[in-house]
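Undergrad: What follows is a structure written as structure tokens; I'll ask about it next.
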Amino acid sequence: MNRGDVVIVRFPFADGRTGKNRPALVVQNDLDNARLTNTIIAMISGNTRNAHLPTQVLIDPADPEGKPSGVFGLSVVKATTLYTVEQRDVLRIIGHLTGVMMRKVDDSLRVALSLT
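Position one of the sequence shown corresponds to residue 40 (my numbering), numbered consecutively onward.
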């Protein structure tokens, strides 16, 4: 698993007791992905009503930059919704974000985490 991979993982609901399978983006660096048993992911959502916010990155699978992501419809990477999950809980890799898209994600993470 590498930074930029779009994966399917069981995301917990806010109550922490249950969850559902959702797409997510691996945002943790590759060195730690290789040496640790967990990884940091950002939620990907089909709710695009806030795609204009600087903490969200729009993925359009009809666009050449969005096609490799593996998502089926318009989606957003939510830099404000980060989780640490066990790598064994990643069900599968469905795609990967391009370098251009990852730079946009990096910018949104900087805003979300106030890293200027």
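Glycine included, C-beta positions come from ideal geometry on N, C-alpha and C.
Because the structure is a prediction, the values reported are computed rather than measured.
Would you decide whether P62 is buried or exposed? Buried here means 16 or more other CB atoms lie within 10 Å of its CB.
TA: By the 10 Å Cβ count, P62 comes out buried.
Undergrad: Pick from T120, M140 and N60: whose alpha carbon is nearest that of D102?
TA: Measuring from the Cα of D102, the nearest candidate turns out to be M140.
Undergrad: Answer yes or no: do V115 and S84 have a C-beta to C-beta separation smaller than 7 Å?
TA: Yes, these two residues count as a Cβ contact at 7 Å.
Undergrad: Mind checking whether V65 and T78 have CB atoms under 7 Å apart?
TA: Contact flag set, yes.
Undergrad: Which residues bound the beta strand (DSSP E) around L121?
TA: Taken as a continuous stretch (DSSP letters only), the beta strand (DSSP E) holding L121 covers S114 to E125.
Undergrad: Do R49 and D128 have their CB atoms nearer than 7 Å?
TA: Yes, the Cβ-Cβ distance between R49 and D128 is below 7 Å.
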